[in-house]
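To keep things clear, I will list the structure first and then write my remarks on it.
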Amino acid sequence: MVAVAAPRQLPRKPLILAGIVLAWLVLWLVFRNVGTLPLDASALTPLHRMINELNDAVGASRNSNPLFLYFFNEIRLVIDEFVTFVQALIAQPSFGRPVPVIGWLGVVAIAGFVSLVVAGWRVALLAVAGFVFLGLQGLWQESMDTLSLTLAAVVISLLFGIPLGIWAGLSDRANRVMQPVLDFMQTMPTFVYLAPLTLFFLIGPASATIATLIYAAPPAIRITAHAIRSVPHNTVEASESLGATRKQTLLKVLLPSARKTIVLGVNQTIMAALSMVTIAALIDAPGLGKTVVKALQTLDVGTAFNAGLAIVVLAIVLDRVTTAATERRKLPRWALFGGLGVTGVCVYLSYTYLWAAEFQSDVEIGSSIRQGATAVTEWAQDTLPFITGGFKDFVTFALINPLQALLAESPWFLVALVIVAVSFLIGGVRSAIVSAVCLGLLVATGLWQDSMITLASTLVATIMVMILGIVVGVWMGRSRRADRFIRPILDAGQVMPAFVYLVPFLALFAASRFTAIIAAVVFAAPVAIKIIADGIRAVSPTTVEASTALGSSSWQTIVKVQLPMARGALTLAANQGLIYVLSMVVVGGLVGAGALGYDVVAGFSQGQLYGKGLAAGVAIVVLGVMLDRLTQAAAKRWTN
Amino acid sequence: MARHNVLGAVLVGALALAGCSGAKVGDSSSGATGDCGTFNLAINPWVGYEANAAVLAYVAEKELKCKVTKKELKEEVAWQGFGTGEVDAVVENWGHDDLRKKYIDEQKTAVSAGSTGVKGQIGWYVPPWLAKEHPDILDWNNLNKYADKFKTSESGDKGQLLDGDPSFVTNDEALVKNLNLNYKVVYGGSETALIQAFRQAEKDKKWVIGYFYSPQWLLNEIKLEKVKLPEYKAGCDADTEKVACDYPDYDLDKIVSKKFADGNGPAFQLVKNFKWTNEDQNTVAKYIAEDKMKPEDAAKKWVEANADKVKAWTAKA
């Protein structure tokens, strides 16, 4: 069967949509700059002041409040102990020794052995090479600090995340309650809760770990729930009709069939944890993040890149190991015991001898990487701004400015009306209500105009993400070789700390909204590309062959067969692209995007702006929820 | 077959064990700490601060035998640390009246430990080439004349005034309004954005005017020129909405936790007596930022060349 989807006839809705937009444009001309609810950068609303006072009150009562004394302190103690213990094992001088318990040789051997057992020879080699590379970069201890913190955060995330995910997978009610909480955890900018965290959990590993796991746990919960839910119904029914108890069904049927997907959740959690390394460094989290932050104080791109590269290497190793772990494999006994023996010896050596404990290498490559990165950056900064500046101006005047003018210079009730009407068209009454509530909340934050400016940039960034996603995703989906070559670059885009590439971007595009958009695209496009590539590959090969046999050109096959059949992936990519773009709003605030991103950054830096920063964080979350629900509704309509 | 391989692996391991020699862990003992105890020093994220902290940490470690724990924190978080007992000292504070009020006056967890001797300035700066070609730009009265030149994609039909680091107080929006300047404040959002803008402006002779401050390591590299705003008079910035005068000069000072001050140990004495000049700080900042020296090495170099100054800080301790 050749499943070329015939476009369904939707004659009325697009017309109505066009009508709405037209009416908007006309009314915009009439009402321009009326009722836009602006707020100066240093101005506050009563709500913002109230949050400030609340924050101060919490801080002042810290030493007398029983909640602090008996609850937060206990949590902090447990987590601190745990992280410090992992650090003592592999990263920090400990137990009265000048070096950690296990030196570099031992860690490399353990990494290799674990990878061998769960992921096979090739990945084991990659792991060993990757870890040695960290040492050669001259960043062994920093990398191990980062690894300790990441592992601790991931372990705690999974400890809570997987059971919660199973619960959400089994119970609709639990799922409904958890969704908004997870949305909140993933889109609330870290800057907003970073300072309060140190108030609750003090400065140190505990706060850094908790900051990381707030962001990293949601993927584990979501994906586990999704995995449990996608186990086919008849499998579960069959098990139940055979008289299995609920517990048996869960342990013997649901979890084994969901295993592969759950491991994917673990993988996403690790990635998310690693993407927090630099931000956590702002509250004294040890490791590579500190190196990046410090280097950037003097705009030392080379050093920052070197450390960023170490994060990427860690990410790629951990990603490949967990991905390969989804397939069951059995190791021959001799390899298992042999590997165990060698690992034991290496660990012993690294415990005893200095050469195996501290990474001291004559073939140091860190300085070459630093110099190389600096040279490339300088070249780009010297030669490209002429072209890139023009490109920036073009996109700004052709796309960003008009969209922003429409959104931010219309009266707020007009924009709200348009969005509610569009929501109704897309998803019916329910969507319209959700959007209306979200818009009401935006007005309540007192940051309506800033929200609209941020929304305009977000939409432009998402469009760019989707264009890149479709072009590169189709290419990767159709060519294995392209996939193998591009995928590591995508991984790098996802975990390389944004600030490393922001410095050259600032030179190329100056401090502007466009720079912020480009930064968001670098971070969000990889996700969209990966999802679309997987979607394209999932289109059954026989369909594609049939289309080719019927004489379609490659172009026709892509446009008429592969893309329409992968539309589930396309909508998912758009949805995730949007969410990822929104999570970069704050980074955008650091390079000239202004609006909500800047409000959050300023709130983190200045006490009297704290309340406003929090409100801006809430506004970002609300925007995220609204756009997420809208795209999901659109997706449902389109894919059914 | 299987057993042979296992044996082989163990043998190889044993051989490796026997064959290797080398220094064993714990052969050499590390230095002991003196009676000074632990000194928790906040490191705020800019180079000038780092210079102060590096020199203080070096002296505390080498001369007073303290165990110095450096904690890298943003200002707000560092001040919070006074109350939780995790931070003993902040050694370059830029005004921050809001934090003073909250932690010194209200919560009483922090106290001032006097001036660092460094004078801080905030204001509007232009790149040197611009100041040279159009010297009259250094007076705010002439700014409107050049507003067109400062237009960017972000500022619409007005000139762009690039603001930056949200850590510092800015009155720029009010200033622009109250001085009737045809400019729009564009929030770069970070020091990085400002530095890149000024660097490029000087290199490519571009028109940039923006918020900046001294001492700052970039000024060693590019001598930015400060634009003269209406003179600061005490109280002229009282109402933030109506500000129409320049920023005050800041006497950068040191803030310590109440507990640390009451303990009155050698580390506190050192912090209290620590005082140097903009020039001193610039020297150390240059070592760190431009010569890419580690803060410890930069401090060592300066301390060795300025033994007399250091002696003055420790003599009374």
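Residue numbers (this note's numbering), protein chains in the order written: chain D, 40 to 679; chain V, 16 to 332.
Every residue, glycine too, gets a C-beta built ideally from N, C-alpha and C.
- The Cβ atoms of D:L233 and D:I141 do not sit closer than 9 angstroms to each other.
- For the C-beta of D:K431, the chain V residues within less than 9 angstroms are, from N- to C-terminus, S168.
- Any Cβ of chain D closer than 9 angstroms to the Cβ of V:S182 would place that residue at the interface, and such an atom is present.
- Measuring C-alpha to C-alpha distances from D:L662 to each of D:L486, D:L281 and D:L589 identifies D:L486 as the nearest.
- Between D:S586 and D:K599, the C-beta spacing is below 9 angstroms.
- Restricting attention to V:A300, V:K273, V:A330 and V:A327, the CA atom closest to the CA of V:K316 is found in V:A300.
- Separation of V:D306 and V:K218 (C-alpha to C-alpha, rounded to the nearest whole angstrom) is 21 angstroms.
- Interface annotation for the segment 51-79 of chain V against chain D: P60, W61 and V62, criterion Cβ-Cβ distance under 7 angstroms.
- Of V:Q215, V:V191, V:N197 and V:E319, the smallest CA-CA separation from V:L244 is found for V:V191.
- Cβ neighbours of V:P263 within its own chain (closer than 6 angstroms, five residues either side excluded): Y247.
- Within the segment 277-289 of chain V, no residue has a Cβ lying closer than 9 angstroms to any Cβ of chain D.
- Only those residues of the segment 197-219 of chain V whose C-beta falls short of 9 angstroms from the nearest C-beta of chain D are listed: V200, V201, Y202, G203, G204, S205, E206, T207, A208, L209, I210, Q211, A212, R214, Q215, K218 and D219.
- V:A125 is a Cβ neighbour of V:F97, given a cutoff of 9 angstroms.
- Not a single C-beta of chain V is nearer than 9 angstroms to the C-beta of D:K651.
- Inter-residue distance for D:H265 and D:P257 is about 12 angstroms (C-alpha atoms, whole angstroms).
- The continuous stretches of beta strand (DSSP E) do not include D:G627, which lies in the alpha helix (DSSP H) extending over residues V624 to G628.
- One thing to note: D:A192 has its Cβ within 9 angstroms of the Cβ of D:T251.
- For D:S644, the residues of chain V that pass the 9 angstroms Cβ criterion are K89, E90, E91, D180, P181, S182 and F183, in the order they occur in the chain.
- Segment contact: the segment 394-414 of chain D against the segment 181-200 of chain D, fewer than three CB-CB distances shorter than 8 angstroms; contact not assigned.
- Under the Cβ criterion of 9 angstroms, V:V271 is not counted among the residues facing chain D.
- D:P85 counts as exposed, since fewer than 16 other beta carbons sit within 10 angstroms of its beta carbon.
- Residue contact check for V:E188 against chain D: a CB pair falls below 9 angstroms.
- The DSSP-derived three-state label of D:Q287 is helix.
- Using beta-carbon distances, V:T298 does not count as an interface residue toward chain D, since no partner is under 9 angstroms.
- Taken through DSSP and simplified to helix, strand or coil, D:I253 comes out as helix.
- Non-local C-beta neighbours of V:L209 in its own chain, meaning closer than 8 angstroms and more than five positions away in sequence, comprise L177, G179, D180, G203, G225, Y226 and F227, ordered along the chain.
- Residue burial is scored here from C-beta neighbours: D:L108 has fewer than 16 other C-beta atoms within 10 angstroms and is therefore classed as exposed.
- Under the three-state reduction of DSSP, V:N108 is assigned to strand.
- For the 9 angstroms CB-CB criterion, D:A320 and V:E206 do not form a contact.
- Remark: C-beta atoms of V:K269 and V:V106 approach each other more closely than 9 angstroms.
- Residue state for V:N193 is assigned as helix, using DSSP reduced to three classes.
- By the Cβ neighbour-count rule, D:L116 is exposed, with fewer than 16 other Cβ atoms within 10 Å of its own.
- Proximity to V:A327 across V:K309, V:E319, V:N288 and V:W222 peaks at V:N288, based on C-alpha coordinates.
- Taking a cut-off of 8 angstroms for Cβ pairs, the segment 155-166 of chain D and the segment 356-367 of chain D touch, as three or more such pairs fall below it.
- Only A320, L321, I322, D323, K329, V332 and K333 from the segment 319-333 of chain D bring a Cβ to less than 8 angstroms from some Cβ of chain V.
- Within the model, the alpha-carbon separation for V:V201 versus D:G627 is close to 13 angstroms.
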